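Just so we're aligned, residue 220 is where the sequence shown starts under our numbering, counting upward by one. The beta-carbon is built from N, C-alpha and C at its ideal position, and this holds for glycine as well. Owing to the predicted nature of the structure, the values given are computational and were not obtained by experimental measurement.
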Amino acid sequence: MSQSTLYQYQQLTPENSSLMAPLLDLFGEAFEEQETYCRKRPTDRYFRDLLSHDYFITLLALCGGAVVGGLVAYELKKFEQPRSEIYIYDLAVASEHRRGGIATTLIEELKRIARVRGAYVVFVQADIDDDPAIELYTRFGVREDVLHFDISVKSQDDAA
220 MSQSTLYQYQ QLTPENSSLM APLLDLFGEA FEEQETYCRK RPTDRYFRDL
270 LSHDYFITLL ALCGGAVVGG LVAYELKKFE QPRSEIYIYD LAVASEHRRG
320 GIATTLIEEL KRIARVRGAY VVFVQADIDD DPAIELYTRF GVREDVLHFD
370 ISVKSQDDAA
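This is how it looks when you write it as structure tokens:
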């Protein structure tokens with residue numbers, strides 16, 4: 220991955236799985252969801268296993284060794300044609316490092332990985348009121364207005 224004088228970029232592997240914890244801290248702070256990202260943190264063994272699968276892609280931006288940006292994506296193999304698409308699950312940059320090209324560099328690196336893997340598209344969701352994300356993603360692709368549904372896996376008995 221490319222390097223600049225201020226930031227270093229890298230793709231995580233099982234060997235550097237210890238960087239997942241600071242990435243979760245970054246996501247928790249950026250999304251104001253510390254409970255989600257920090258409360259039930261997986262073990263390093265879990266992270267090493269996850270990072271050993273090629274469908275899980277994690278890219279980082281580092282400044283002085285500290286995680287200041289990150290992108291997590293999943294490669295989804297398609298069934299209707301022998302191809303895949305890549306879904307950006309999370310992307311965040313520490314507030315003091317925003318507007319400096321980190322998110323753009325992370326997306327460009329993901330696009331490079333997608334091309335190497337033969338993926339035909341990278342896609343991402345953005346909350347309707349997240350103007351900075353919408354502005355960023357609009358520079359990369361065509362906006363589609365869709366509805367998102369979270370379907371609970373709990374049985375009706377569990378809900379009672």
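Coarse secondary structure for residue i, derived from DSSP in three states
i           : result
residue 253 : helix
residue 221 : With a pLDDT of 46 at residue 221, under the threshold of 50, the predicted position of this residue should be treated as unreliable, though the coordinate-derived value follows. Correct three-state label for residue 221: coil.
residue 228 : strand
residue 266 : helix
residue 299 : coil
residue 275 : strand
residue 233 : helix
Assigned exposure category for residue i - 16 Cβ within 10 Å defines buried
i           : result
residue 324 : buried
residue 262 : exposed
residue 305 : buried
residue 311 : buried
residue 339 : exposed
residue 255 : exposed
residue 357 : exposed
residue 370 : exposed
residue 266 : buried
residue 237 : exposed
residue 328 : buried
residue 291 : buried
residue 335 : exposed
Reference residue i, options the options, closest by Cα
i           : options               : result
residue 380 : 295, 286 and 288      : Outside the displayed span of the chain (220 to 379) sits residue 380, for which this structure offers no information.
residue 226 : 335, 351, 289 and 350 : 289
residue 272 : 343, 370 and 232      : 232
residue 361 : 343, 377, 297 and 347 : 343
residue 279 : 228, 240 and 260      : 228
residue 318 : 355, 245, 285 and 300 : 355
residue 286 : 331, 346 and 246      : 246
residue 346 : 309, 302 and 374      : 309
residue 321 : 282, 300 and 234      : 282
Identity of the residues DSSP links to residue i by a beta bridge
i           : result
residue 380 : An answer regarding residue 380 cannot be provided, because it is not within the stretch 220 to 379 covered by the chain.
residue 280 : 228 and 288
residue 242 : None, per the DSSP bridge assignment.
residue 294 : 305
Inset, instruction - Tell me the start and end of each unbroken beta strand (DSSP E) in the segment 303-371 that is at least 3 residues and wholly inside, in chain order. - result: 303-312 and 338-343
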